[in-house]
Each structure stands twice: as structure tokens, then as C-alpha cells.
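Chemist: Just so we're aligned: the sequence shown equals residues 526 to 935 in this note's numbering.
Glycine residues also receive a C-beta, built at the ideal position from the N, C-alpha and C atoms.
If you're wondering where the values come from, they're calculated on a predicted model, not measured in any experiment.
Here you go, one structure.
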Amino acid sequence: MDPTASEEERRLAALVRSHDRWRGRDVFNLLASENVVSPTARKYLSSDLAGRYTLPLTTEFHGETIDNSYTGTRYTDQIETLANAAAARLFRAKFATTRPLSGHIAALSALVPLLPPKAKILAIAPDEGGYDGYAPGFIPALFGYTVRPLPADGPGHRVQASVAVETIQQERPDAVVLGQSFFLFPYPLREIAEAAHAMNALVFYDASHVLGLIAGGQFQDPLREGADVLFGSTHKSFPGPQGGLLVTDREDLFQQLDPALVWRIFDNAHWNRIAGLAQTLLELERCGREYATTVVDDARALGKSLSDLGVPLVGADDGFTRSHQLHLDGAALRTSANIAPGALARRLERQRLLIDLVGRIGTAEVARLGLTPADMPRLAELIVRGGLKKERVGREVLAWRRTFHGLRFV
Ligand SMILES: Cc1ncc(COP(=O)(O)O)c(C=O)c1O
Numbered sequence: 526m527d528p529t530a531s532e533e534e535r536r537l538a539a540l541v542r543s544h545d546r547w548r549g550r551d552v553f554n555l556l557a558s559e560n561v562v563s564p565t566a567r568k569y570l571s572s573d574l575a576g577r578y579t580l581p582l583t584t585e586f587h588g589e590t591i592d593n594s595y596t597g598t599r600y601t602d603q604i605e606t607l608a609n610a611a612a613a614r615l616f617r618a619k620f621a622t623t624r625p626l627s628g629h630i631a632a633l634s635a636l637v638p639l640l641p642p643k644a645k646i647l648a649i650a651p652d653e654g655g656y657d658g659y660a661p662g663f664i665p666a667l668f669g670y671t672v673r674p675l676p677a678d679g680p681g682h683r684v685q686a687s688v689a690v691e692t693i694q695q696e697r698p699d700a701v702v703l704g705q706s707f708f709l710f711p712y713p714l715r716e717i718a719e720a721a722h723a724m725n726a727l728v729f730y731d732a733s734h735v736l737g738l739i740a741g742g743q744f745q746d747p748l749r750e751g752a753d754v755l756f757g758s759t760h761k762s763f764p765g766p767q768g769g770l771l772v773t774d775r776e777d778l779f780q781q782l783d784p785a786l787v788w789r790i791f792d793n794a795h796w797n798r799i800a801g802l803a804q805t806l807l808e809l810e811r812c813g814r815e816y817a818t819t820v821v822d823d824a825r826a827l828g829k830s831l832s833d834l835g836v837p838l839v840g841a842d843d844g845f846t847r848s849h850q851l852h853l854d855g856a857a858l859r860t861s862a863n864i865a866p867g868a869l870a871r872r873l874e875r876q877r878l879l880i881d882l883v884g885r886i887g888t889a890e891v892a893r894l895g896l897t898p899a900d901m902p903r904l905a906e907l908i909v910r911g912g913l914k915k916e917r918v919g920r921e922v923l924a925w926r927r928t929f930h931g932l933r934f935v
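Next comes the structure, spelled out in C-alpha cells:
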């Protein structure tokens, strides 16, 4: 440490070191919203790109036509071109942008340029597993959209084809926004897209949670099944730096939305992030299928093991999940074990096992560490002993965690 560093700088350094050790070596992370980036992507995140600008946009300035407001951008611009091409290849899309700064910004990047003011959208309500951002008080409130619920009631918050088609025909929305924060099963997308397109409605697929699975050919293939635009976070099941991306096959839509992003939705797109994202896209081109298959197989195996040990989960009739997520059945958990999902999560955190307080358990990061379906009975047993039987399993968890070195699929 620099001998002239202040007390606060030393404290900060210690906090970051402690965080890296705690989250990187001392726990099993089962948070469904998170992942871990590869060493190469991490290196690019802290490269010189972290402080740079580029604005490859033709504008007029004092009577002169310029194609970029900045100089020194020759490599930055090539990195972006490489990233966009890799995204287009991986998702087999004609057009791609890696500029959106997050999943939420990717949603804005798709909706705002393509929808009329005061548009009517159909989206799954948060209490049926939908993303809060599409609830009336959030994105719709900013842009005057009316949002109506696309039903996903019942266990597992599944969308039924006949109900969705009927809702689309009754509501006649400008757009259907698919995608959930609680996301276990694929949608009957062909039927939904056919009904939506018959009403001239666009179909947006928010893949924030399942982007890595789609990249690996698991879950479903939204662009082939009828979605007009696919977008999402690049850091949940997709194992990249925090950010977003957007792909489409429709030139008419891309030409409307791509030029509309800069200066409306954001300015600087964070080129170190884009370099890290490009690396992740290239890694998934090589081993995305194996990665996504392992994540889903782990989730289904963990579901079975937890259920065999008496942990109530939704979706039992359907193998628990087709994604990286499992959902605790909160009501049944209260009845059978007298504990709420949030209290269970807090208890598990003390035993070095991280799940979220809203009852989701995710397997993306443990698959990256190298855990396979064969490890899931042991993981389930530790969850049950530490979470339900109040045993102190932290040391056991730590010893097991320390046997995993490095990352797979990188
Ligand atoms: C379905 C869905 N869309 C969008 C988002 C927002 O993603 P980000 O945090 O990358 O902005 C989330 C976040 O959890 C989400 O679950």
C-alpha cells in the first residue's frame, strides 16, 4: 500500500480485499441474479478503456462534419465492432448492440424508441414473477404507458398459451413484454407472437435472467420463435460484466432504435465493460452449450435433492425448473418448517450459503465453479442442515468451497 495513503484509503482497500475474499473464496453463491466474470474479462474491466470516451457518430460542429467527437479511439471502436459481431453470431441475430449499460437500460433502449407515447403494453405483474420495472409506477409512469397484466398465475408463474392469446386479443396492446424476474419455464412464444403480430403488436423478450441459457441453446430461442427484439442483463445467467445487450433480426426496428440510444438513453457506453462483454461472448461461443447445460442440470438436480429432503419448491410436477432458478414455496415452507424465505436466507448467509430473501436459488455461479449434478445432494444437505436444522455448517461449507479452484467454461 502507498505509504502516503490516508486512513480512509486504507480502510477502503481492506473492505475491497475482504469483499473479494468473502464473495470470491469463502461462500457458495446461489443468488440467481449474479454470476462471476472470467479472469480475462475481469482484466479488461480494469484496463485503460475504463477511463476513455468515444462517440462514433456523424455530427455537425461549427460547420464541420465530424465522425467522432473524440480522437484516440481507433482500438475502442474496433472493440465495439467486434463485440457487436460476436453478440450477433452468438444469438444468431442480424443486428446487435452491446451499448445498453444494464438490463433495465436495455429495456428502455428497446421500448422507448419503438413505442408511441402513451403506448399500451402487456407485461407479467410482479406478484406473478414479473419484473418490477414494468409495473405501473416505474417505466410505464415515466413514459405514460398503460400496462395491463399478462397472466402468469399459479405455481411456477407459467404463461398459458390460450390465456395469453385471449388476453392479447382482448387488450389489443402495442407491445407484449415477456420476461420475468422469477423465471422457471419457457413461454409458448410461437402462439403469443402469432396473436401479437395479428394485432400489429411488437413482442419484446426481456431475457435478463435467462440470457446465458439462451446463448447456450437451452431454455428457448426467442428470435426463431417470434420475438421481435431480445434484450437483457449480461450478468445473471449470462456470465459477463454487469451490463446489457440487445439483438434483433428486424432491420426496420434496429434502424429506429440504434441511432436513438445515444443522448436519449445514455451517452458513454463504458468501453471497458464492452471489452469484458466481448470476451464473455467469445468464451460462450466456445463453451456456452456445455455451460448452459450444466447450469440447468444442476438446478434440476438440486431441486430434486432439496425436495427429497422435504424442502417445498414450486414446479415439482415439471422437474422444478428449465432455467438456472429454483423457487421456494414460501407458504408451504412457513407451514412445514415455520420459517419465511427471508429468514431462511439470513440463516444460510451465516453458514456461507447465499440465496436471496425472496426465495430464489440459482445455480449459474456454482456451475462456473465446477459443481455438477453429482454435487447437488451434498449442497442440498448443507442447505437443509444449515437452514432448517439450525446446524453450524459454515466450516464444512468453507472446507468444501476451498476445494474448487478457478472457473470452468472460460
Ligand atoms: C426481468 C428483469 N429485467 C430487467 C432487470 C434489470 O436488470 P439490471 O439490474 O441489469 O438493470 C431485472 C433485474 O433483476 C430483471 O429481473
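#1: In angstroms, rounded to a whole number, what distance separates the CA positions of A865 and A785?
#2: Considering only the beta carbon of each residue, do V735 and L755 sit closer than 8 angstroms?
#3: Hey, is S634 close to ligand 1, as in C-beta under 7 angstroms from one of its heavy atoms?
#4: Could you tell me the alpha carbon to alpha carbon distance between A677 and V702, rounded to whole angstroms?
#5: Return the CA-CA distance between S572 and P674, expressed in angstroms with no decimal places.
#6: Around the C-beta of I591, are 16 or more other C-beta atoms found within 10 angstroms, so that it is buried, or is it exposed?
#7: Can you tell me the Cα-Cα spacing of R920 and N554, whole angstroms?
#8: Is the beta carbon of G628 within less than 7 angstroms of some heavy atom of ligand 1?
#9: Would you mind giving the Cβ-Cβ distance between L647 and P698, rounded to the nearest angstrom? I have them listed as a contact below 8 angstroms.
#10: Specify the secondary structure class of R481 as computed by DSSP and reduced to three states.
#11: Considering only the alpha carbon of each residue, which of G867, E776, A686 lies closest to L882?
#12: Taking W796 and T606 to be in contact with their CB atoms under 8 angstroms, please state how far apart those CB atoms are, rounded to whole angstroms.
#13: At 3 residues or longer, what runs of the beta strand (DSSP E) sit wholly inside the region 750 to 815?
#14: Quick one: grab the DSSP three-state call for D573.
#15: Tell me whether the region 843 to 855 and the region 700 to 718 touch, counting them as touching only if at least three CB pairs, one residue from each stretch, are closer than 8 angstroms.
#16: L492 lies in the beta strand (DSSP E); which residues open and close that run?
#17: Is it buried or exposed for S563, if we count other Cβ within 10 angstroms and need 16 for buried?
#18: Under 8 angstroms, do G741 and A621 count as touching if we go by C-beta distance?
#19: Would the beta-carbon of G840 be found less than 7 angstroms away from any heavy atom of ligand 1?
#20: Using only alpha-carbon positions, find the residue among A613, A723, V909, A686 that is nearest to F779.
#21: In angstroms, rounded to a whole number, what distance separates the CA positions of D792 and T928?
#22: Does the Cβ of S861 have 16 or more other Cβ atoms within 10 Å, making it buried, or fewer, making it exposed?
#23: May I ask you to verify whether the region 580 to 600 touches the region 749 to 765, counting CB pairs closer than 8 angstroms and requiring at least 3?
#24: Please indicate yes or no: does the CB of G704 lie closer than 7 angstroms to some heavy atom of ligand 1?
#25: With 16 as the cutoff for other CB atoms within 10 Å, does F586 come out buried or exposed?
#26: Quick one: what's got a C-beta closer than 8 angstroms to Q685's C-beta in the same chain, skipping five residues either side?
#27: Less than 8 angstroms between the beta carbons of I693 and A721, yes or no?
#28: Quick one, are the C-beta atoms of V918 and R910 less than 8 angstroms apart?
#29: Write down the C-beta distance between F729 and A635 rounded to the nearest angstrom, noting that I regard them as a contact closer than 8 angstroms.
#30: Taking only heavy atoms of ligand 1 into account, decide whether any of them is closer than 7 angstroms to the Cβ of H734.
#31: What is the rounded straight-line gap between the Cα of V935 and the Cα of P642?
#32: Note down, in chain order, each residue of its chain lying with its Cβ closer than 7 angstroms to the Cβ of Q781, except the 5 sequence neighbours on either side.
#33: Suppose the cutoff is 6 angstroms on Cβ atoms and the five residues either side in sequence are ignored; what does the same chain contact list for A892 look like?
#34: I need the straight-line Cα distance from L923 to I886, nearest angstrom please.
#35: Between the Cα of L807 and those of A538, F616, R749, spot the shortest distance and give me the residue it belongs to.
#36: What residues match up with L923 in a beta bridge as DSSP calls it?
Modeler: Taking the geometry as given:
#1: Between A865 and A785, the alpha-carbon positions lie close to 45 angstroms from each other.
#2: No, the pair does not count as a contact, with Cβ atoms beyond the cut-off.
#3: Not one heavy atom of ligand 1 sits closer than 7 angstroms to the Cβ of S634.
#4: In a straight line, the C-alpha of A677 is about 13 angstroms away from that of V702.
#5: Spanning the two alpha carbons is a distance of roughly 44 angstroms.
#6: The residue is exposed, with fewer than 16 neighbouring Cβ atoms inside 10 Å.
#7: Spanning the two alpha carbons is a distance of roughly 16 angstroms.
#8: Because some heavy atom of ligand 1 lies under 7 angstroms away, the Cβ of G628 counts as near it: yes.
#9: The Cβ separation is near 5 angstroms, so the contact holds.
#10: Outside the displayed span of the chain (526 to 935) sits residue 481, for which this structure offers no information.
#11: Of the residues G867, E776, A686, the one whose Cα lies closest to the Cα of L882 is G867.
#12: Rounded to whole angstroms, the Cβ separation of W796 and T606 is 12 angstroms, and the two are not in contact under 8 angstroms.
#13: Those beta strand (DSSP E) runs which fall completely within the region 750 to 815 and span 3+ residues are 754 to 758, 769 to 773.
#14: In the three-state DSSP reduction, D573 falls in the helix class (H, G or I).
#15: Yes: at least three Cβ pairs fall under 8 angstroms.
#16: Nothing about residue 492 can be reported from this structure: the residues present for the chain run from 526 to 935 only.
#17: By the neighbour-count rule (16 or more Cβ atoms within 10 Å), S563 is buried.
#18: Not a contact, by the Cβ cut-off of 8 angstroms.
#19: No; taking the cut-off as 7 angstroms, the Cβ of G840 has no heavy atom of ligand 1 nearer than that.
#20: Relative to the Cα of F779, the nearest Cα in the group A613, A723, V909, A686 belongs to A613.
#21: So the alpha carbons of these two residues sit roughly 44 angstroms apart.
#22: Exposed is the call here.
#23: With fewer than three CB-CB distances shorter than 8 angstroms, the region 580 to 600 does not count as touching the region 749 to 765.
#24: Under cutoff, so the answer is yes.
#25: With fewer than 16 Cβ atoms within 10 Å of its Cβ, F586 is classed as exposed.
#26: Close CB contacts of Q685 within its chain, under the 8 angstroms cut and outside five residues either way in sequence, are with P676, P713 (chain order).
#27: Between I693 and A721, the C-beta spacing is below 8 angstroms.
#28: Yes, the Cβ-Cβ distance between V918 and R910 is below 8 angstroms.
#29: With a Cβ gap of about 6 angstroms, F729 and A635 count as contacting.
#30: The nearest non-hydrogen atom of ligand 1 is less than 7 angstroms from the C-beta of H734.
#31: Each residue's alpha carbon lies about 43 angstroms from the other.
#32: Result list for Q781: P638, L639, in chain order.
#33: Correct list, in chain order: T819, V820, D823.
#34: Taking the straight line from one Cα to the other gives about 19 angstroms.
#35: Distances from the CA of L807 to each of A538, F616, R749 were compared; the closest alpha carbon is that of F616.
#36: DSSP, once it has assigned bridges, lists no residue as partnering L923.
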